[in-house]
Structure formats: structure tokens, C-alpha cells
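Notes to accompany the following structure.
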Amino acid sequence: MQFNYEILQEIYSSGRVRIEKVRSMSDNQTYIQKTYLSNKNEGLNAIKMLAQIKNQFVLSVIEYMENEEQQLVTIQEYCDQGDLKTFTQQHIGYKMQESIIWSLFLQMAYALLQLNELGIQHRVLLPENILLLARTEGYQIRITDFHKSSRQTLCQLPCPAIYLPYEYFFDGQYTQKSHIWQIGHILYFMVSQKFLFPQTTLENQIKEQLRRGRIQINISDFYSPGLIKLINVCLTIRENQRPNILQILRMREVKEAINRPYYQFSLEQKRHLMYWINSSETTISYPVQYSFNEFDLHSPKQISKEVVVKKNFSNSKLPEIFQQKQHTKKYSSDRQLEQENLKTEIKRKEDIFQQQQFLSQTQTNKYYVGVVKPIFYHKKKQQIKIDNPPRFSIPYEKQLDSVFQNLLDSKKQLCSELIGDSEYMFLRSQIKLNKTDKLMNYMQYRYPKVNSSVILKQINDIADLEEQRSYSKTKQ
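Residue numbering for the sequence shown follows this note's numbering, beginning at 208 and increasing consecutively.
Shown next as C-alpha cells:
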């Protein structure tokens, strides 16, 4: 069988799996080719689980196929900086920058938030399973090795004992808070360049230290008190005293890190984070549950995923994981469209609620009070009769309407480039309803890198121009 990939280098090989660096003959891009030598179902379970996760911080599968030996082969995204363990060991002898540590943590926290929403327990969140890519804006993570998340039972150690939490040893369970313990391990490894327990420590010795609560967390004063506090909180031994991901995100130190330029989340990701941070929920109580049982190769089970492509080969027994039956395509697409429209409307309402909530807050020491008029989009504006002509900073003349329009367009374009269309529409609706200092605080909170006074001045000019032109036309 001819694969359209050229093998460049063998990265890892064992009796279970072989990992190679390859180059695509079609687009000349570099990828990772992972061949499952013994257990095909292991790879299929990982593919099925990844199909449920739409997160840029999770390693994506480009396509999967069978080779001539009927072994499962997956083509995955290539991470040029290797894994986090190797990356940290390269810093031995000097301290890793705190900005890098915060950036990687925020990405891990966002990925973990979505895993909790889906009811997925990774169980092997280790430095070896976090891969790094170098981008112009900084390092990006990719979480990998999901096959153990679905197959391990409590009688098997899902990962080395040094990473396992108290509740796994003594309560026989693995919860959402167990991820927090492993993130604490990763953060401690990055700041101290050593593991919480030596890798040669026996399982019984680890259990005894956890039972007695005798773990030593020694962190250099080189790092800020906020980062040190975060690590200590994540490494709380007892599960009932350890915070969950929502409580971590609501920590003052973490919220400050989100607003600082450690990592620039997209508008949708920032909205997602702020929804949970401002929510009254204490836990993600009702995650969407998925069944991750092993595949039966003779009874294909189907789920949908657009970005993954399955190659159809003759005599292939691989299940059609990412393809729907022909007669169900129309129904599924219609239903998916309705769900997307519903999600868009929900996000729009959530965004409006958050904006109203923030604008209604006037800071006085530690407390917030105040009231703001509600915002109503999609309502037809009623014409208001004005007896006296308003005063404007820029006079309007009918023969200069095209000049006015060009001026409006240029100011709107400037605002859209800096803060986006949706944020511009929101501020435009509030510019005449709220005090400037309140809007200034809002802008500095949402966009710390943008000159807030310039944006508000442009929006205020736009409001004046539109009001004056509307007034002049009604008088004609």
C-alpha cells in the first residue's frame, strides 16, 4: 500500500507503538505518524474520544488508515518543541521565565475546563503528554495520549505512581479534582526542575507520605507569591479540600493572569472563560457524558467529525467512525445547524448579560454597587421629537454627506480593528447611557493593551455624527 508520506525520522518505538516524523507528499508539511503495532482498539478509542473534543490545545488527528499489515496508522499534528518534560530539562541551571509558566498554565486550565464539561478524565496529565509548538505569539500546548483515559481500570496504574493523587490510593476513585493535583505537579516541575517525589520512589512510600501529609514544596523566591500560592493550592493533598477548576479560575491571581498579556485567548475563548468565572455554579455538575467503550471492528460505531479524514481502502475492516450513512446526512446536517444557531443565540445573550453585569459595577474598595439601564438589541428605535437642535462638535451640511460617511466609515473601521465589531456595537449603544469613567474601567478590563480613551473618543464622535445627520434629515 502506498502512503503519501515520506518517513524522515523515527522518534520512538516499542512493542506497542511506533512513532515517526513524516512529510506529506501533497502539501510538504511535517506530521507525526503513529502506528499501533499490537492493540488497534487502543488507537481507535483515542480517535473516538478526540472526535468529541473541539479544542485547539488538544493534539488533533489529521487522518487514520490501515497499512498492509492491518495495523492502525494515525497522522497527527507535529509539535516542533517536543514535550514539556524535555523543554523543562533544557532550562536546568537557570530559572524558567514566569510569563512562560503562566502562559502554559492558562492553556492547560482552559483545556481542562472543556474536558470537565464533556465528562472526560484524562488521568495521565503528565509533562510527557503535553507537547509544545513555537508560535509568533509564544508557546502553545497540545495535550496528547488520550487512549489511557478510556481504557484504564482502577486495578491498573494509569500513570507512574508519583503523579497519582491521594484519592486514587485511599478512596479508589479518580475525580475532576485529580486533574488539579497533576497540574500542580507540572507547575512544580517547571519552577523547581524536579519532581515532587523522586522517580525511584516506591508506590508504598508515596502512599505513606500522602497519608501523613508529608510532602515538601520548596519553591524559589524568584517567582511571584501569586504563582507560589497557585502551586500550593493545586497540591492540596486531601481531595475534599482541593479546589476544582472553577475555583482555580476564580482565584484573584489567576484572574489577574488572564487579563495580563501572558497568553492572548480568542474572543470566543475569553467569553467561555468569563462565563464560568462570573457564573454562580460551584462545580460543573452535569457534564455531557460520552461512552468510550472499545470498538468492535465488526460492528462499526459512528460519530461525526469534520476535520478528520478516513481513507477508504479495499478489504479494510476499520469502522466508519467519522462518516454518517447516506440517508441520514440531511437530517443530521439540519439538526446540527439548529444546534449551532441555538448555541450562537445563547452565547449572544450570555455576552450581553456579562457586559451589563460589568457596566453595572462601580468599584468602591472590595465591593461593587450600581445600576445600569438594560440593553435591547433587535428592537426598532422609536423616533424622538427634538424641539431644539442638538449641539455637536462637528457641523453637518447636506452637500458634505459623502464626506461625513467616509469619516464615519474610517472611525468604525478603526474601532473594529482594535476591539471587534460586536464590542464596538455594545459600546456604541452605551456611550450615551453611562459615564465615561465607567466605560473607561470596562475598556481597561477587557482590553488592557488598547488605548481606551482613543476608542471612546472615536465612538463618541460616531454617535454625535449619526445623531446630527439623523436630526438634519428629519428637519428637511
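Glycine included, each C-beta is placed from N, C-alpha and C at the ideal position.
**Prompt:** CB-CB under 6 Å to M232, same chain, minus the five flanking residues each way: which ones, in chain order?
**Reply:** N211
**Prompt:** Can you tell me the Cα-Cα spacing of E415 and I308, whole angstroms?
**Reply:** 30 Å
**Prompt:** Where do the N-terminal and C-terminal ends of the beta strand (DSSP E) with K639 fall, by residue?
**Reply:** No beta strand (DSSP E) contains K639, which DSSP labels as neither H nor E.
**Asked** Would you say D234 reaches chain B, if we count a Cβ-Cβ gap shorter than 8 Å as a contact?
**Response** Absence of chain B from the displayed structure is noted, only one protein chain being present.
**Asked** Would DSSP call Y574 helix, strand or coil?
**Response** With a pLDDT of 34 at Y574, under the threshold of 50, the modelled position of that residue is not reliable, and no figure is offered here.
**Request:** Starting from the C-beta of Y285, find all residues in its chain whose C-beta is less than 6 Å away, skip the five residues before and the five after it, and write them out in chain order.
**Result:** T237, Y238, I239
**Request:** Using three-state DSSP, classify S679 as helix, strand or coil.
**Result:** helix
**Request:** With a threshold of 16 other CB atoms inside 10 Å of the CB of Q675, please say whether the residue is buried or exposed.
**Result:** buried
**Request:** Kindly list the residues whose CB is nearer than 7 Å to the CB of L313, restricted to its own chain and excluding five residues on each side of it in sequence; keep chain order.
**Result:** A464, I465, Y469, Y470
**Asked** Any idea what DSSP makes of R223, helix, strand or coil?
**Response** coil
**Message:** Ignoring anything shorter than 4 residues, give me the alpha helix (DSSP H) runs that lie fully in the stretch 363 to 451, in order along the chain.
**Reply:** 373 to 377, 383 to 399, 410 to 419, 432 to 441
**Prompt:** Opposite Q653 in the DSSP bridges: which residues?
**Reply:** What sits at residue 653 in the sequence shown is Arg, not Gln. None, per the DSSP bridge assignment.
**For A341, the first and last residue of its enclosing beta strand (DSSP E)** = 337 to 342
**Asked** Does the count of Cβ pairs from the stretch 294 to 309 and the stretch 263 to 274 closer than 8 Å reach three?
**Response** no
**Asked** Would you report the Cα separation of L340 and L319, rounded to the nearest angstrom?
**Response** 19 Å
**Prompt:** M458: which of L434, S473, Q476, E446 sits nearest, CA to CA?
**Reply:** L434
**Request:** From the DSSP output, in three-state form, read off V331 for me.
**Result:** coil
**Message:** According to DSSP, simplified to helix, strand and coil, what is M256?
**Reply:** helix
**Request:** Would you check whether the ligand MG has a heavy atom nearer than 7 Å to the C-beta of I282?
**Result:** The ligand MG is not among the ligands present in this structure, which contains no ligands whatsoever.
**Message:** I need the boundaries of the beta strand (DSSP E) containing Q240, first residue and last residue.
**Reply:** 237 to 243
**Message:** Spatial neighbours of P494 within its chain, please: C-beta separation below 7 Å, excluding the five flanking residues on both sides.
**Reply:** Residue placement at P494 is flagged as unreliable, the pLDDT there being 48, under the threshold of 50; the coordinate-derived value follows with that caveat. Excluding positions up to five away in sequence, the list reads N323, E324, L325, G326.
**Segment limits, beta strand (DSSP E) that includes Y470** = From DSSP, Y470 is part of no beta strand (DSSP E); its letter is neither H nor E.
**Request:** Under 8 Å Cβ to Cβ from I214, same chain only, skipping five residues before and after it: list those, please.
**Result:** E227, K228, V229, Q240
**Request:** Inspect the beta-carbon positions of H396 and P450 and report whether they are closer than 8 Å.
**Result:** Rather than His, the amino acid found at residue 396 in this sequence is Phe. It is not a contact, given that the beta carbons lie outside the stated cut-off.
**Message:** How far does the alpha helix (DSSP H) with Q277 in it extend, from its first residue to its last?
**Reply:** Careful: Q277 lies outside any alpha helix (DSSP H) and carries neither H nor E.
**Where Q216 falls, given that 16 or more other Cβ within 10 Å makes a residue buried** = exposed
**Prompt:** Looking only at its own chain, which residues have a Cβ that is under 6 Å from the Cβ of T242, when we skip the five neighbours before and after it?
**Reply:** R225, Q278, V280
**Request:** Please state whether DSSP places D608 in a helix, a strand or coil.
**Result:** helix
**Item:** N274 burial status per 10 Å Cβ neighbour count (16 or more: buried)
**Value:** exposed
**Request:** Could you tell me the distance, in whole angstroms, from the CA atom of L344 to the CA atom of F472?
**Result:** For the sequence presented, residue 344 should be read as Glu rather than Leu. Cα to Cα, the separation comes out at about 11 Å.
**Message:** Please list the terminal residues of the continuous alpha helix (DSSP H) segment that includes M315.
**Reply:** 305 to 325
**Prompt:** Taking the C-alpha atoms as reference points, what is the distance between L663 and D287?
**Reply:** 42 Å
**Item:** Where the beta strand (DSSP E) containing Q347 begins and where it ends
**Value:** 345 to 350
**Message:** On the criterion of 16 or more Cβ atoms from any shown chain inside 10 Å, does N262 qualify as buried, or is it exposed?
**Reply:** buried
**Straight-line Cα distance separating G379 from V461** = 31 Å
**Asked** For Q665, which of helix, strand or coil comes out of DSSP?
**Response** helix
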